[in-house]
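Colleague: For the record, the sequence lines run as chains A and B. The opening residue of the first sequence carries number 58 in this note's numbering; numbering runs sequentially from there. The opening residue of the second sequence carries number -8 in this note's numbering; numbering runs sequentially from there.
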Amino acid sequence: KQEVTQIPAALSVPEGENLVLNCSFTDSAIYNLQWFRQDPGKGLTSLLLIQSSQREQTSGRLNASLDKSSGRSTLYIAASQPGDSATYLCVTRNAGNMLTFGGGTRLMVKP
Amino acid sequence: NAGVTQTPKFRILKIGQSMTLQCTQDMNHNYMYWYRQDPGMGLKLIYYSVGAGITDKGEVPNGYNVSRSTTEDFPLRLELAAPSQTSVYFCATSSGPINYGYTFGSGTRLTVV
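#1: Using a Cβ cut-off of 7 Å, pull out every chain A residue sitting near residue 97(B), in sequence order please.
#2: Residue 81(B) CB to nearest chain A CB: under 8 Å?
#3: With a cut-off of 8 Å, does the C-beta of residue 101(B) fall near any C-beta of chain A?
#4: What does the Cβ neighbour count give for residue 23(B), buried or exposed, with the cut at 16 atoms within 10 Å?
#5: What does residue 34(B) reach in chain A if we use C-beta pairs closer than 9 Å?
#6: By the three-class DSSP mapping on this structure, what secondary structure does residue 140(A) have?
#7: With the cut-off set at 8 Å, would you say residue 89(A) and residue 78(A) are in Cβ contact?
#8: List the DSSP bridge partners of residue 88(A).
#9: Against chain B, does residue 76(A) count as a neighbour if the rule is that its beta carbon must be under 8 Å from one of theirs?
#10: Does the CB of residue 132(A) have a neighbour CB from chain B at under 8 Å?
#11: DSSP three-state label for residue 74(B), please.
#12: Let's see if you can read the secondary structure: which residues bound the beta strand (DSSP E) around residue 67(A)?
#13: Identify the continuous beta strand (DSSP E) that holds residue 26(B) and give its terminal residues.
#14: With a 10 Å radius around its C-beta and 16 neighbouring C-beta atoms as the bar for buried, classify residue 42(B) as buried or exposed.
#15: According to the Cβ coordinates, are residue 66(B) and residue 12(B) closer than 8 Å?
#16: Just the C-alpha distance for residue 108(B) and residue 27(B), rounded to the nearest angstrom, thanks.
#17: So, under 8 Å CB-CB, residue 98(B) and residue 81(B) are touching, yes? Tell me the CB distance rounded to an integer number of Å.
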């Protein structure tokens, strides 16, 4: 059974810092990996989707990498802003059409 | 661009009552899903559908029922609400089985008292 772990569970940084969120998964037989952000009391907003054949995806200040063989993905956020404060979820898509969610990293960017 | 629309956003039910959580999508996606998110926990799959007329159980289907009569709609039914069903419910869609991402609705926060 796939297990997805996100480290750290919580992170507080001053505005402007570059930061890295980590995601590890136990079963490398994934179809894709998706990063979401979830604001308090809100739904999930898709940030980046990386297919199993890809190494990274970029969108604006966000860059996500994928190393399937080692079971790792990182989400890099450049020049963080207070508006980036949210919980970030790493999600793998596995055989059987199943999604496995990490526990999330709760990010706080202080002005 | 409505995407995935869930109604209601909030609901309080008494034990034993029934209700239907609505999910509608305008993206013509074949795959639709219902997840629940308990406080401080990840999302768990309740039911999913790969197309109109086809539904299947997920990880935690007990106490719920679904139907998929159209591509657009995937309602989730709670027949006899229990306190253990207090949760936030998310509907999601995907355009394909493998190499596609998911789009989530904004959720329904349900409290059973």
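Note that beta-carbon positions come from the ideal geometry of N, C-alpha and C, so glycine has one too.
Modeller: Straight from the coordinates:
#1: For the purposes of this step, residue 97(B) is taken as residue 106 along the second sequence, with counting starting at 1. In chain order: 99, 100.
#2: Counting from one through the second sequence, the residue named residue 81(B) turns up at place 90. Chain A contact via Cβ: present.
#3: The sequence position of residue 101(B) within the second sequence is 110, counting from 1. So no, residue 101(B) is outside the interface.
#4: Stepping through the second sequence from its first residue, residue 23(B) is reached at position 32. Buried, since its Cβ has 16 or more Cβ neighbours within 10 Å.
#5: Here the question's residue 34(B) lines up with position 43 in the second sequence. Chain A residues near residue 34(B): 101, 146, 148, 156, 158.
#6: As a working mapping, residue 140(A) is identified with position 83 in the first sequence. Here residue 140(A) sits in helix by DSSP.
#7: As a first step, residue 89(A) is located in the first sequence; it is residue number 32 there, counting from the start. As a first step, residue 78(A) is located in the first sequence; it is residue number 21 there, counting from the start. In this structure, residue 78(A) does not lie closer than 8 Å to residue 89(A) by Cβ.
#8: Working through the first sequence from its first residue, we reach residue 88(A) at position 31. BP columns for residue 88(A) are empty, so no partner.
#9: Against the first sequence, residue 76(A) aligns to sequence position 19. No, residue 76(A) lies away from the interface with chain B (no Cβ there is under 8 Å from its Cβ).
#10: Locating residue 132(A) in the first sequence gives position 75, where the first residue counts as 1. Not closer than 8 Å to any Cβ of chain B, the Cβ of residue 132(A) fails to qualify, so no.
#11: By one-based count along the second sequence, residue 74(B) stands at place 83. Residue state, collapsed to three classes: helix.
#12: Within the first sequence, residue 67(A) is the residue found at index 10, counting from 1. First-last of the beta strand (DSSP E) with residue 67(A): 67 to 71.
#13: The residue given as residue 26(B) occupies position 35 in the second sequence. Unbroken beta strand (DSSP E) run through residue 26(B): 22 to 28.
#14: Along the second sequence, read from residue 1 onward, the residue named residue 42(B) stands at position 51. Residue 42(B) is exposed by the Cβ-count criterion.
#15: Working through the second sequence from its first residue, we reach residue 66(B) at position 75. Working through the second sequence from its first residue, we reach residue 12(B) at position 21. Yes. Within cutoff.
#16: Here chain B covers residues -8 to 104 and nothing more, so residue 108(B) does not appear.
#17: Within the second sequence, residue 98(B) is the residue found at index 107, counting from 1. Within the second sequence, residue 81(B) is the residue found at index 90, counting from 1. Contact holds; Cβ gap of about 5 Å.
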